[in-house]
Structure formats: C-alpha cells, structure tokens
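Taking it in order: structure first as structure tokens, then the write-up.
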Amino acid sequence: MSSTLLMAPTLVIGDTKYFKSLKTYSCCDCQECCFPSVMFKTNGDTVYKIQHGCACLPCCFQHTASDSKNKIGSFVLGGCCDTACCGSTVVDGKFLNPTGDLEFVLKHETVCCDGVKVNCCACCHCCGCLQCVKYYCTDEQYILYMQPVFRKITDESPAAFFKRVDRISGPCCWDETIASSIEPVDELTKNDWDLLTMYLILTSGYAHRELGWNWRYIGWNVASPFGLEGIDAIRSIHKRGLTEKEAIDGKLIQTIQMF
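All residue numbers for the sequence shown refer to my numbering, where the first residue is 4 and numbers rise by one.
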C-alpha cells in the first residue's frame, strides 16, 4: 500500500509524458534574463520548450515552442489589423507555424458595450465579489470551460476546443485551474497537437515564474474565462458549473489525479 500526492505539473502529448524541468544557468546568463523559457522533459532526451520573445520590453509578447531539434511554432496576440475595420470579429490570439503562417486562431464576435461588460466584471473579480457569490451561494465546486479554436478567421466551425477545469478555492481567491486539455473536432496532426499544447501551458499559471513578469499580459488580453456564463458567452467560451458528484461522474476527478 502507498499514498502519493503529486503537485508537479505534468504534460502529456499523445503517449509521451513530460515533467517540468529545472533549468540550470549562471547568474550572468543574459539570455535567460531577456529571453526566459520553461522546459518540460521526458525520461529520455525529448524536450518541449517554450521561450519568451523578450521579457525586457512590455511590447514583446510572442512565445515560441520547440522540441529537441526543431521549432514547432509560436503564439502571438491578435492585432487590430487582423480583421476588417469596424467589423464584429475580434482575434484574440494566433498560432503560427515555423515559417510564420497562420495555423489556428482564437476569435469571438463582439457587439456594442461588450467591452464595458467585461471590464465591469474584471473590477468585480479584483474586489472578490464574484468569488464570494460562487463560494457561498452555489454548490458548484467545479467549473468546466470549452473554448473553440479555428483554422481560419473566416471559419464558423471550430477545429478543436481547449477544455479547462477550474475549482473554486475560496471566497476571495481566484479559481484554481486543475486540468486543461485539447478536445479535437477535426483530425489533428502531431504538429497541430504540439503547437496547440503551448496555449495550455501559457494559460495554466504554472509557467509565470520562468517566463517573466509580462506573461500575464496574455491572460488579460486573450479571451480567458471570467466565471459568469453571460460574460464568457461574449468571448465564445462555454461555461458549465458542476457539483462534486457531477465532476466525479464526468471523470474530471480522475483526470485531476493524473496531474
């Protein structure tokens, strides 16, 4: 008989399991100071690495993923030039292949006053109001989010979903992300899986110490969940609250035990 509590982040891509690796570098390593990275390793020589574009300049938010030998691709925030002026489509983030071509996109449709609603909710989050309501007024301890990812900006049907499970951790605390995964709709290649996996790490909260202080800019500017169904729907994120029993029946607890 044994008893084990695993707290170290574990990354699984296909049949390969990675463990977060502690990088060794000297105090005068300027490359890690300016271009910080986080690395996941297997028992062998296989590596999955994410590197920050430049932690010194607040305008540089590109992150690049690579394996043991080659560059996999990069993730950048959407810009105002990605869609037509005054259009309803907002590009939240772009996944680029090694040559800089678009592979996947995060987007949502917006209408008048959506920005005001989201900013008001952000203020309530900072004050702890939303967390108190969820903690004291509901019996839904777990929250399941499904965020669509598209092949092209003009696509209406998603190619996959980012699946994220949060747990309410306290009355005045941020919800705790306990598991995240990719749910494919279309057939994905190995390169697709490797590229999209980068987003799971960037939004998990497990890499902020390695990637520098301004990595949080991604969390504030990418369409991330707020915890209110109406606000999340604005950002094309489907929210579903779950009781503990529903989480167990849906095998979300079993998925958590793997991490």
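Every residue gets a Cβ at the ideal spot worked out from N, C-alpha and C, and that includes glycine.
| Query | Result |
| --- | --- |
| Examine the Cβ distances between the stretch 64-84 and the stretch 93-113 and report whether three or more of them are shorter than 8 Å. | yes |
| Going by DSSP in three states, K248 sits in which element: helix, strand or coil? | helix |
| Using a Cβ-Cβ cutoff of less than 7 Å, which residues in the same chain neighbour G244 once the five nearest sequence positions on both sides are dropped? | T141, E143 and I146 |
| Give the single residue among S71, L109 and D18 whose Cα lies nearest to the Cα of G82. | L109 |
| Taking only the alpha-carbon atoms, compute the straight-line gap between P151 and F43 and give it to the nearest angstrom. | 26 Å |
| Report yes if the C-beta distance between G96 and L80 is below 8 Å; otherwise report no. | yes |
| So, under 8 Å CB-CB, V50 and S71 are touching, yes? Tell me the CB distance rounded to an integer number of Å. | 5 Å |
| Which residue wins for smallest C-alpha separation from I181, given the options T192, E190, H241 and Y209? | Y209 |
| Could you check what DSSP says for Y209 in three-state terms: helix, strand or coil? | coil |
| Please name the residue in V136, S69, E106 and E159 whose C-alpha comes closest to that of T92. | E159 |
| Mind checking whether Y202 and F165 have CB atoms under 8 Å apart? | yes |
| How long is the line joining the alpha carbons of E190 and A162, rounded to whole angstroms? | 8 Å |
| Taking all protein chains shown into account, do 16 or more other C-beta atoms lie within 10 angstroms of the C-beta of E186, making it buried, or fewer, making it exposed? | exposed |
| Nearest by alpha-carbon distance to N46: which of K193, L14, R170 and V188 is it? | L14 |
| From N194, G173 and V168, pick the residue whose C-alpha is nearest to that of T206; which is it? | V168 |
| Kindly give me the distance between the Cβ atoms of W196 and I16, rounded to whole angstroms, as I take these residues to be in contact under 8 Å. | 6 Å |
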